[in-house]
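Read through the structure below, which is laid out as structure tokens, and then see the notes.
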Amino acid sequence: MAWNRTLFLIALAAIAAAIVGCKSPGPNAAGAGNGGSGKIIIGHYASMSGDDAVFGTTTDHGAKLAVEEINAAGGVLGRQIELITLDTRSTDVGVPPIIDRFYQEGATAIVGEVASGRTLAAAPKVEAYGIPMVSPSSTNVRVTVDPDRGVRKWVFRTCFIDPFQGEVIARFAHGKLGKRRAAILFDRAQPYSVGLAESFKQNFIRLGGQVVAEEGYTKDDQEFGSQLTRIKGLDPDVLIVPGYYSQVKLIVTQARGRGLDVPIVGGDGWDDPQGLTRGAEQAFKDTYFVNHFSPLEEREGVRQFVEAYRQRWQEDPNALAALGYDAVQLVADAIKRAGSTDRTAVRDALEKTQNYAGVTGTISVDAQHNPRKTAVVVKAEGSPFPLVDVYPPQ
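In our numbering, the protein residues as written are -18 to 375.
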């Protein structure tokens, strides 16, 4: 009987431990992050495969370069940083389990994602877990501000937002190009594309321009002939395409094939220096896009970053690489200023960030957890893309 009782007590203890292990964590369940003297873990989720793999891999290259430089300089708080990168496969559905994994690994902070839709899929999880998250390049305004609940306490970003980017596209098309009749072709199901199209429209009309056509498509579309035919019939003098590089190339080549020879302008989603214009160089004549960074800028720190990136990855960095680099460096700076890996302390330090000198510009976090930053316009030809103009925030 005594032996059976012992087995029973052992089994009961095991069941209790399992229940504790399976319990859903509350917001402060891992408030200290990965404390102690081991490595500081930063989670990075990105589109390492799938339609947006260029975005994910270049962001990861920038993030890894930042970690390598930080660790070579002695780390943070005397500890090395470990970057754990997980693949979203360019979809939203796999994002919540990835955030669960980062929580289980004891990540002090999370960097990600590029696409606004995927960052929005992560936001409820990081808010529940209480893990600070910095998106390198999700520009949709809802990423840091829930329209119903207000500012997301745990979500930040290192990029400008769509209202500003749309304003810059409008200012460039209206002022620099002198255009007055714009057509818009956008992805109706993508928060990034919808938000950027709306911002451009509002600002272009405010400047005195006219939007003569608004046509939509979806992510899986390969043919845009009907939309482009309708657009051409309305005689626009500029075409705005706020989409991702994977479909922009198809749209531009099909537009030129249908005789739509007006300037075409887009946003940062075009940024694929190695593949955007390859094999379609003639079609991309007179095309431009807004971006966060140009390797041709003369700002302090840009040249050093470009040289280090080239040496490490044997290619020029795009803006996503620079933003990934800045996001990790900003997290490391916040940990240093907090003097701790406690997640709440790191979050508070991120919120107090002022005049942080990043590769993509000076970062000061505002009340909506957004930085006020300068944008650039580049021409989509050659390598690297020529810098056309610079637009500071107004």
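For glycine and all other residues, C-beta sits at the position ideal for the given N, C-alpha and C.
Put simply, the backbone Cα of residue 344 is about 16 Å away from that of residue 375.
Separation of residue 136 and residue 90 (C-alpha to C-alpha, rounded to the nearest whole angstrom) is 10 Å. Between residue 232 and residue 166, the gap from beta carbon to beta carbon is short of 9 Å. Nearest Cα to residue 179 within the set 122, 155 and 134: 122. Contact check between the stretch 49 to 60 and the stretch 19 to 37: three or more CB pairs, one atom from each, fall below 8 Å, which counts as touching.
In this chain, the beta strand (DSSP E) harbouring residue 360 covers 356 to 360.
Note on geometry: alpha-carbon atoms of residue 335 and residue 39 lie some 27 Å from one another.
From the listed residues 34, 240 and 285, the smallest Cα separation to residue 212 is found for 240. For residue 370, the secondary structure class from DSSP, reduced to helix, strand or coil, is strand. From the listed residues 367, 222 and 236, the smallest Cα separation to residue 214 is found for 236.
Residue state for residue 254 is assigned as coil, using DSSP reduced to three classes.
In the structure shown, the three-state DSSP call for residue 191 is strand.
In this structure, DSSP gives residue 43 a helical state, which the three-state scheme calls helix. Sequence-distant partners of residue 218 (beyond 5 residues in either direction) whose C-beta falls short of 7 Å from its own C-beta, in its chain, are 160, 161, 162 and 243. With respect to the 9 Å criterion, residue 221 and residue 186 are not classified as neighbours on the basis of their beta carbons.
A straight line joining the alpha-carbon of residue 348 with that of residue 144 spans about 16 Å. Out of 350, 208, 103 and 301, the CA that lies nearest to the CA of residue 42 is found in 301. Scanning 311, 230, 269 and 149 for the CA closest to the CA of residue 51 turns up 311.
Beta-bridge partners assigned by DSSP to residue 272: 357. With fewer than three CB-CB distances shorter than 8 Å, the stretch 138 to 158 does not count as touching the stretch 201 to 212. Excluding the 5 residues flanking it on each side, residue 155 has same chain C-beta neighbours closer than 8 Å at 161, 185, 188, 189 and 190, in chain order.
Here residue 30 has 37, 68, 70 and 71 as same chain residues with Cβ atoms under 8 Å from its own Cβ, once five neighbours each way along the sequence are excluded. Counting only runs of at least 3 residues, the stretch 120 to 150 fully encloses the following beta strand (DSSP E) elements, listed from N- to C-terminal order: 136 to 138. Secondary structure note for residue 225: it is in no alpha helix (DSSP H), with a DSSP letter that is neither H nor E. Your pair residue 324 and residue 98 does not check out as a contact, with CB atoms roughly 25 Å apart and the cut at 8 Å. Runs of alpha helix (DSSP H) with 4 or more residues, each lying fully within the stretch 293 to 336, are found at 300 to 319 and 324 to 332, listed in chain order. Here residue 357 is near residue 369, since their CB atoms are less than 9 Å apart. When secondary structure is reduced to three states using DSSP, residue 112 falls in the coil class, being assigned neither helix nor strand. Linking residue 258 to residue 194 through their CA atoms gives a straight-line distance of about 25 Å. Per DSSP, the continuous beta strand (DSSP E) segment holding residue 68 begins and ends at 62 to 68. For residue 177, the secondary structure class from DSSP, reduced to helix, strand or coil, is helix. At the C-beta level, residue 254 and residue 364 come within 9 Å of one another. Counting the other Cβ atoms within 10 Å of the Cβ of residue 249 gives 16 or more, which makes it buried. Cβ-Cβ distances below 7 Å link residue 264 to 233, 234 and 237 in the same chain, with the five nearest sequence neighbours on each side left out; the list follows chain order. Note on geometry: alpha-carbon atoms of residue 101 and residue 172 lie some 9 Å from one another. With 16 or more other Cβ atoms from the protein chains shown falling within 10 Å of its own Cβ, residue 139 counts as buried.
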